[in-house]
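Report on the structure given below.
There are 2 protein chains.
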Amino acid sequence: MENNSCIRQQADIEQINRCKDTVSELNESFDYLANRLSLVGNSVRLKILYLLFEEKRLCVCDLSDILGMNISAISQHLRKMKDRNLLETERDAQTIFYSLTAKYEKMLNPFFEILDKNKILETI
Amino acid sequence: MENNSCIRQQADIEQINRCKDTVSELNESFDYLANRLSLVGNSVRLKILYLLFEEKRLCVCDLSDILGMNISAISQHLRKMKDRNLLETERDAQTIFYSLTAKYEKMLNPFFEILDKNKILETI
DNA sequence: TTCTTATTTAAGCAAATACTTAAATACATA
DNA sequence: TATGTATTTAAGTATTTGCTTAAATAAGAA
Chain A
37 MENNSCIRQQ
47 ADIEQINRCK
57 DTVSELNESF
67 DYLANRLSLV
77 GNSVRLKILY
87 LLFEEKRLCV
97 CDLSDILGMN
107 ISAISQHLRK
117 MKDRNLLETE
127 RDAQTIFYSL
137 TAKYEKMLNP
147 FFEILDKNKI
157 LETI
Chain B
37 MENNSCIRQQ
47 ADIEQINRCK
57 DTVSELNESF
67 DYLANRLSLV
77 GNSVRLKILY
87 LLFEEKRLCV
97 CDLSDILGMN
107 ISAISQHLRK
117 MKDRNLLETE
127 RDAQTIFYSL
137 TAKYEKMLNP
147 FFEILDKNKI
157 LETI
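Residue numbers (the numbering used here), protein chains in the order written: chain A, 37 to 160; chain B, 37 to 160.
Printed below as a string of structure tokens:
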């Protein structure tokens, strides 16, 4: 299972232990944050998030039109993001509008700014 | 292929077209950014990135010890991040030290700060 | 050169992901 | 009520991902 065959001479034991403490202390936070970032790390979902940032609210049909994708595929992406609290919904008759939650809008703002300025190729 | 069966009555055509323009203009940026964020959206890699942020540099063996994982598995994670310019290496005899590139340290800083304060549960 | 340490790479596999198609649900209107 | 519009959900599939094991590469020491 664990082939930790690190039998090296030089290792900063203090450093290793400090790091182990950090990891065990923040373990749940790492999982939580990575889980959310994995959603953003998909170009379809990143586009959806950015479009919602710009347009405030859009429905499944709008996004399907804009991205040239199957409604069902879009709906499933939206569901994931809603389940993990990146998005919230508001019904207007038959139409369901999706929008960014305040928390995630704030958190993702630095990335939206990069995209806004389309300066990604220089910055990253 | 494209079952865009959105035959709806109300659609803000201007909005749809504006969004389509945005997507086509920024298309490569979306792909590029999503690709990088997908790397961060994995808890093992997020831990590695955070540990490198705190400790400045670590080798494969260190990370293997700290995370209790197979050296090969860690090495493959590091390779991915190096290939996509999140990390850089520096050799010291047999040991290869990994560190964050300045660009990505800056870009990921907001997340590191959240983790630093361990305030993730309130913030996100 | 041979041996040891440090690391990477290749091959294989199980689990997760993203999409398709088809069926189901929800609401509005005739 | 029946019909149409908007959306979700379920099931199936192909691709990608993350890990394991084993072999390969690289550098220092004997």
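Note that CB positions come from ideal geometry on N, CA and C, so glycine has one too. In this text the structure is predicted, and so the values were computed from the model without any measurement.
- Pairing residue 94 of chain A with residue 103 of chain A gives a Cβ-Cβ distance that is not under 8 Å.
- Residue pairing by DSSP leaves residue 68 of chain A without any beta bridge partner.
- Restricting attention to A:89, A:80, A:97, A:149, the CA atom closest to the CA of residue 60 of chain B is found in A:80.
- Listed in chain order, the positions of the segment 119-140 of chain A with a beta carbon within less than 7 Å of a beta carbon of chain B are 139.
- Contact between residue 116 of chain B and residue 75 of chain B holds, with the beta-carbon distance rounding to 6 Å and staying under 8 Å.
- As a beta-bridge residue in DSSP terms, residue 127 of chain A pairs with A:132.
- Between residue 82 of chain A and chain B, the shortest Cβ-Cβ separation is below 8 Å.
- Considering only beta carbons, the part of the segment 58-77 of chain B lying closer than 9 Å to chain A consists of 58, 59, 61, 62, 63, 64, 65, 66, 67, 68, 69, 70, 71, 72, 73, 74, 75, 76, 77, in chain order.
- Against chain B, the CB of residue 112 of chain A has no partner CB under 8 Å away; the residue lies outside that interface.
- Contact note: residue 89 of chain B does not reach chain A at a C-beta cutoff of 8 Å; the least C-beta distance is about 11 Å.
- By the CB criterion at 8 Å, residue 62 of chain B and residue 151 of chain A fall inside the cutoff.
- Residue state for residue 122 of chain A is assigned as coil, using DSSP reduced to three classes.
- Judged by beta-carbon spacing, residue 55 of chain B lies beyond the 8 Å limit of residue 149 of chain A, meaning their Cβ atoms are not closer than that value.
- In this model, residue 112 of chain B and residue 153 of chain A are separated by some 33 Å (Cα to Cα).
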